[in-house]
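Chains as they are written, first to last, in my numbering: chain A, 182 to 393; chain B, 69 to 410.
Only one structure is covered here, and it is reproduced in the block below.
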Amino acid sequence: MAMLTIDFDPYTVVISVFLVLIFKQLISTIGKSTIQEFIWLSYIQLGTRFNLTPNFTQLHLKKQELHEINKQKRSISAQDQYAKWTKLNRKCDSLTKEIQDLNEIISGNKVKINKLTGLVIMVVTTLPLWFFRIFARKTHLFYLSEGVFPWYVERLLAFPFFPSGTIGLTVWMYAVNSVISSIIFILSFPFKHKPSKPIKPTKSEKIVGVKE
Amino acid sequence: MSESTGTEAQLSEAEKRKLLRERRQAKMAKGNASSRLNTILSQGASVTTQVTSVLDKSQESTESEEQETPSSSSPASADTTSLPSHHDDDPDIQDITSIATQTFASPTPPIGEETPEDIDEIFRKVFQQASAASGSRGSGGIGAGGAPGDLNDPMAQFMKMFTEGANDSQSDLLNAAAAASGGAAADPTANKYQTELYAYNVYQQNLWKFRFLIVRYLFTGFNFFYHFFTIPDQLFHASSHPYVRGLVSPTPLTGFITWFFTAEVLIVASYYMISVKTGIFNTKHENHLIMKGISLGSMFLPQLTQIRPYISRGLAYYDLIGIVLGDLSLVVVLFGLLSFIR
Chain A
182 MAMLTIDFDP
192 YTVVISVFLV
202 LIFKQLISTI
212 GKSTIQEFIW
222 LSYIQLGTRF
232 NLTPNFTQLH
242 LKKQELHEIN
252 KQKRSISAQD
262 QYAKWTKLNR
272 KCDSLTKEIQ
282 DLNEIISGNK
292 VKINKLTGLV
302 IMVVTTLPLW
312 FFRIFARKTH
322 LFYLSEGVFP
332 WYVERLLAFP
342 FFPSGTIGLT
352 VWMYAVNSVI
362 SSIIFILSFP
372 FKHKPSKPIK
382 PTKSEKIVGV
392 KE
Chain B
69 MSESTGTEAQ
79 LSEAEKRKLL
89 RERRQAKMAK
99 GNASSRLNTI
109 LSQGASVTTQ
119 VTSVLDKSQE
129 STESEEQETP
139 SSSSPASADT
149 TSLPSHHDDD
159 PDIQDITSIA
169 TQTFASPTPP
179 IGEETPEDID
189 EIFRKVFQQA
199 SAASGSRGSG
209 GIGAGGAPGD
219 LNDPMAQFMK
229 MFTEGANDSQ
239 SDLLNAAAAA
249 SGGAAADPTA
259 NKYQTELYAY
269 NVYQQNLWKF
279 RFLIVRYLFT
289 GFNFFYHFFT
299 IPDQLFHASS
309 HPYVRGLVSP
319 TPLTGFITWF
329 FTAEVLIVAS
339 YYMISVKTGI
349 FNTKHENHLI
359 MKGISLGSMF
369 LPQLTQIRPY
379 ISRGLAYYDL
389 IGIVLGDLSL
399 VVVLFGLLSF
409 IR
């Protein structure tokens, strides 16, 4: 079991865990699905702009072509130049169908993107914490000066098996989680909708409501 | 032609129906019902049928009755032949809509056709039955207080089984719930009011939490940094090195913790006072996982409802301890982040 511990610089663990927990709390506040949706939309936008895959290039070209044909179609009269208009219309229909097919193919990538996003979130937030829980579980992160806290508080902060006056990973993670969630609450609460106090319905209102 | 249409237009629906009925009755009075029936049945068929109409049969039977009792041939019987309306089964009401919309007071309506009952109304009935059962139990059993029919009511028995073993507080809870709803369960206005009130209470709880959090963090932060900068030789610092545990400070370091605990006592007391005074924290733990578990468990083990108030109180105290632990966490985080200095 002793082999499973690594001799880390304590302050590195302190800062790493602090940053990972900030990231984790932010993700849980924003919501995993929101982040996945945002990444998908960014992928579509960037993919179209920078032609990340051949599908995006094709889609871009087809959309341009459709735009040109639509422009031509609008410039001529359907009655006067019926043959030409019909030809353009047919082309337009076939292009629209092709664009739809390409869109479907691209949309099929959404599952892959969501999976990848979930994996990245897990790698960035959950795995490092488990890594530290396993390999830095015995690391003394920092020591408090003697006399700052009474012995019982020092004992409490040394939970579960550290010497008095020492802070370990468990307490550090609890403290960081508590502080970050409180700070997020302080920052987000003023933007919440304030409901007005409801007025209690009187008896007559009730009767009218029932009769209605 | 135009005259006839004009006349038809002048006739009302009731008059039309009356005319049709009279015409039909006059036709039937002529007899030959069997021949007309056979004509109808043999239309387009190669085989002619020979059936006797019920009308002819009834006529025959009346005739035979008349023959058997000639003394009974009275003007009344003559009236029956002259007034064939007494022979047919036509009801007086001819408007089909009145028949279609008629509701039958059947004791057992067909499945799926009974009037849909409001679910809140059902719950209200269940609550009433439960409170009635517990009330009657308190006054010497169901037989003593309740109606004799209650003994055979399976629903009452069922509710009795559930409420058995629970003390009066449970019945108080049920009554309170019924009183709180005050028949409002069936009232959508009251339901809306309850929902809005809940949202308002949650906001108020968060508002108080926000206010206290600001005060707590400001005070704890000030207390920490005051001692951090004023105590000499960096003695009010944490360090990654264990030697700090052996250092002896010439000045006492207890000032920080004294102020910390003083502030905590004041904050916790104020929080408790406000929660008792406003009552907005009473429903705070209703959605707690433990409370939900107890609610679920009480369906199988009614005794669990007895410990419900204690759990609720315990959660309220946990809130108070949470305030102290939260502030202590802030101090630990500040010490930890600044531990690189030494």
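Beta carbons: idealized from backbone N, C-alpha and C, even for Gly.
None of the values given here were measured: they were computed from a predicted structure.
Quiz prompt | Beta-bridge pairing of PHE323 of chain A - partner residues as DSSP gives them | solution = In the first sequence, residue 323 of chain A corresponds to position 142, counting from 1. A:ILE348, per the DSSP bridge assignment.
Quiz item: Looking at the structure shown, is SER103 of chain B part of a helix, part of a strand, or coil, going by DSSP?
Solution: In the second sequence, the residue the question calls residue 103 of chain B occupies position 35. Here SER103 of chain B sits in helix by DSSP.
Exercise. Identify the contact partners of ALA356 of chain A in chain B, using a Cβ-Cβ distance below 8 Å as the criterion.
Key: Translated into the one-based positions of the first sequence, residue 356 of chain A becomes position 175. Under the 8 Å cutoff, chain B gives LEU396, SER397, LEU398, VAL400, VAL401 and GLY404.
Quiz prompt | Min CB distance TRP332 of chain A to chain B below 8 Å | solution = By one-based count along the first sequence, residue 332 of chain A stands at place 151. With 8 Å as the cut-off, TRP332 of chain A does not count as an interface residue toward chain B.
Quiz item: In the DSSP assignment, what residue or residues form a beta bridge with SER307 of chain B?
Solution: Taking the first residue of the second sequence as 1, we reach residue 307 of chain B at position 239. DSSP, once it has assigned bridges, lists A:TYR324 as partnering SER307 of chain B.
Exercise. Check whether the Cβ atoms of PRO379 of chain A and GLU264 of chain B lie closer than 8 Å to each other.
Key: Here residue 379 of chain A corresponds to residue number 198 of the first sequence, with the count starting at 1. Here residue 264 of chain B corresponds to residue number 196 of the second sequence, with the count starting at 1. Yes, these two residues count as a Cβ contact at 8 Å.
Self-check item: Closer than 9 Å at the beta carbon, the chain A residues around PHE324 of chain B
Solution: Here residue 324 of chain B is taken as the residue at index 256 of the second sequence, counted from 1. Per Cβ cutoff of 9 Å: VAL329 and PHE330.
Quiz prompt | Option in A:PHE312, A:GLY299, A:ASN290 and A:PHE370 with minimal Cα separation from TYR224 of chain A | solution = Numbered from 1 along the first sequence, position 43 holds the residue referred to as residue 224 of chain A. Answer by Cα proximity: A:ASN290.
Quiz item: Whose CA, out of A:ASP190, A:PHE219 and A:THR186, lies closest to the CA of ASN295 of chain A?
Solution: If you number the first sequence from 1, residue 295 of chain A lands on position 114. Selected option, being the one with the closest Cα: A:PHE219.
Quiz item: Just to confirm, are LEU411 of chain B and ILE299 of chain B a CB contact at a threshold of 8 Å?
Solution: Residue coverage of chain B in this structure runs from 69 to 410, which leaves residue 411 of chain B outside it and unanswerable.
Quiz item: For LEU219 of chain B, which of helix, strand or coil comes out of DSSP?
Solution: Along the second sequence, one-based indexing puts residue 219 of chain B at 151. Confidence at LEU219 of chain B is low in this model, with a pLDDT of 45, below 50, so the placement of that residue is unreliable and no value is reported for it.
Exercise. Look at the alpha carbon of ASN358 of chain A and the alpha carbon of TYR294 of chain B, and state the distance between them as a whole number of angstroms.
Key: Taking the first sequence and counting its residues from 1, the one referred to as residue 358 of chain A is at position 177. Taking the second sequence and counting its residues from 1, the one referred to as residue 294 of chain B is at position 226. Distance between the alpha carbons of ASN358 of chain A and TYR294 of chain B: 25 Å.
Quiz item: Does the ligand ADP have even one heavy atom less than 7 Å from the beta-carbon of ARG271 of chain A?
Solution: In the structure on display, the ligand ADP does not appear, and there are no ligands present to speak of.
Practice problem: Under 6 Å Cβ to Cβ from PRO309 of chain A, same chain only, skipping five residues before and after it: list those, please. | Solution: The residue labelled residue 309 of chain A in the question sits at position 128 within the first sequence. Taken in chain order, the residues that qualify are VAL201.
Exercise. Give every residue of the same chain whose Cβ lies closer than 7 Å to the Cβ of TYR285 of chain B, excluding the five residues on either side of it in the sequence, and list them in chain order.
Key: By 1-based counting over the second sequence, the position of residue 285 of chain B is 217. Here the set comprises LEU398.
Quiz item: Should GLN206 of chain A and ILE367 of chain A be called a contact, given that it needs their Cβ atoms to be closer than 8 Å?
Solution: Along the first sequence, one-based indexing puts residue 206 of chain A at 25. Along the first sequence, one-based indexing puts residue 367 of chain A at 186. No, they are not a contact pair.
Quiz item: Mind checking whether ILE348 of chain B and GLN272 of chain B have CB atoms under 8 Å apart?
Solution: In the second sequence, counting from the first residue as 1, residue 348 of chain B sits at position 280. In the second sequence, counting from the first residue as 1, residue 272 of chain B sits at position 204. Against a cut-off of 8 Å, the Cβ pair of GLN272 of chain B and ILE348 of chain B comes out as a contact.
Quiz item: Are the Cβ atoms of SER54 of chain B and LEU372 of chain B separated by less than 8 Å?
Solution: Residue 54 of chain B is absent from the structure shown; chain B starts at 69 and stops at 410.
Exercise. Starting from TYR324 of chain A, find everything on chain B with Cβ-Cβ shorter than 9 Å and list it in chain order.
Key: As a first step, residue 324 of chain A is located in the first sequence; it is residue number 143 there, counting from the start. Here the neighbours are ALA306, SER307, SER308, HIS309, PRO310, TYR311, VAL312, ARG313 and SER407.
Quiz prompt | Partner residues on chain A for ASN274 of chain B, Cβ-Cβ distance less than 7 Å | solution = The count along the second sequence starts at 1 and reaches residue 274 of chain B at position 206. PHE370, listed in chain order.
Quiz item: Using the C-alpha atoms, what's the distance from TYR378 of chain B back to TRP327 of chain B?
Solution: Taking the second sequence and counting its residues from 1, the one referred to as residue 327 of chain B is at position 259. Taking the second sequence and counting its residues from 1, the one referred to as residue 378 of chain B is at position 310. Roughly 32 Å between the two C-alpha positions.
Exercise. Quick one: grab the DSSP three-state call for PHE368 of chain B.
Key: In the second sequence, the residue the question calls residue 368 of chain B occupies position 300. In this structure, PHE368 of chain B counts as coil in the three-state DSSP scheme.
Quiz prompt | Partner residues on chain B for TYR192 of chain A, Cβ-Cβ distance less than 7 Å | solution = Taking the first residue of the first sequence as position 1, residue 192 of chain A is located at position 11. Going along chain B in sequence order, the residues near TYR192 of chain A (Cβ under 7 Å) are SER308, SER407 and PHE408.
Quiz item: Quick one: is TYR311 of chain B buried, meaning 16 or more other Cβ sit within 10 Å of its Cβ, or exposed?
Solution: Taking the second sequence and counting its residues from 1, the one referred to as residue 311 of chain B is at position 243. TYR311 of chain B is exposed by the Cβ-count criterion.
Practice problem: Would you grab the beta carbon distance between ALA339 of chain A and GLY346 of chain A for me? Rounded to a whole angstrom, and I think it's under 8 Å. | Solution: Sequence index remark: in the first sequence, residue 339 of chain A carries index 158 (1-based). Sequence index remark: in the first sequence, residue 346 of chain A carries index 165 (1-based). Their Cβ separation, rounded to whole angstroms, is 7 Å, which keeps ALA339 of chain A and GLY346 of chain A in contact under 8 Å.
Practice problem: Evaluate contact between the region 238-249 of chain A and the region 313-326 of chain A, counting only Cβ atoms and requiring at least three cross-stretch pairs below 8 Å. | Solution: no
Exercise. Identify whether ALA234 of chain B lies in helix, strand or coil by the three-state DSSP scheme.
Key: Taking the second sequence and counting its residues from 1, one reaches residue 234 of chain B at position 166. Note that ALA234 of chain B scores 41 on pLDDT, short of 50, meaning its location in the model is unreliable; the coordinates nonetheless yield the value given after this. Reduced to three states, the DSSP call for ALA234 of chain B is coil.
Quiz item: Listing by chain order, which chain A residues have their CB less than 7 Å from the CB of ILE282 of chain B?
Solution: Reading the second sequence from its first residue, position 214 is the one you call residue 282 of chain B. Ordered by position in chain A, the residues that pass the 7 Å Cβ test against ILE282 of chain B are ILE367.
Quiz item: When DSSP labels each residue in this structure, what does GLN118 of chain B get in the three-state scheme?
Solution: Looking up residue 118 of chain B in the second sequence gives position 50. In this structure, GLN118 of chain B counts as coil in the three-state DSSP scheme.
Quiz item: Looking at the structure shown, is THR319 of chain B part of a helix, part of a strand, or coil, going by DSSP?
Solution: The residue labelled residue 319 of chain B in the question sits at position 251 within the second sequence. The answer is coil: DSSP assigns THR319 of chain B none of H, G, I, E or B.
Exercise. Within the same chain, show all residues whose beta-carbon is closer than 8 Å to that of THR306 of chain A, passing over the 5 residues directly before and after it, in chain order.
Key: Taking the first sequence and counting its residues from 1, the one referred to as residue 306 of chain A is at position 125. Excluding positions up to five away in sequence, the list reads VAL201, PHE204, LYS205 and ILE208.
Quiz item: Which term fits TYR263 of chain A, buried or exposed, when burial requires 16 or more other beta carbons within 10 angstroms of its beta carbon?
Solution: Position 82 of the first sequence, counting from 1, holds the residue named residue 263 of chain A. Exposed, since its Cβ has fewer than 16 Cβ neighbours within 10 Å.
Exercise. Please say whether GLN118 of chain B and ASN106 of chain B have beta carbons closer to each other than 8 Å?
Key: To locate residue 106 of chain B, count along the second sequence from 1; it is residue 38. To locate residue 118 of chain B, count along the second sequence from 1; it is residue 50. Going by C-beta atoms, ASN106 of chain B is nearer than 8 Å to GLN118 of chain B.
Quiz item: HIS374 of chain A by DSSP, collapsed to three states: which one?
Solution: The residue you call residue 374 of chain A lines up with position 193 of the first sequence. Three-state result, HIS374 of chain A: coil.
Practice problem: Anything in chain A within Cβ reach of ALA267 of chain B, meaning under 9 Å, just list it in chain order. | Solution: If you number the second sequence from 1, residue 267 of chain B lands on position 199. Neighbours of ALA267 of chain B on chain A, chain order: PRO376 and PRO379.
Exercise. Anything in chain B within Cβ reach of PRO382 of chain A, meaning under 9 Å, just list it in chain order.
Key: Residue numbering aside, residue 382 of chain A sits at position 201 when the first sequence is read from its first letter. Correct list: ALA252, ASP255, THR257, ALA258, LYS260 and TYR261.
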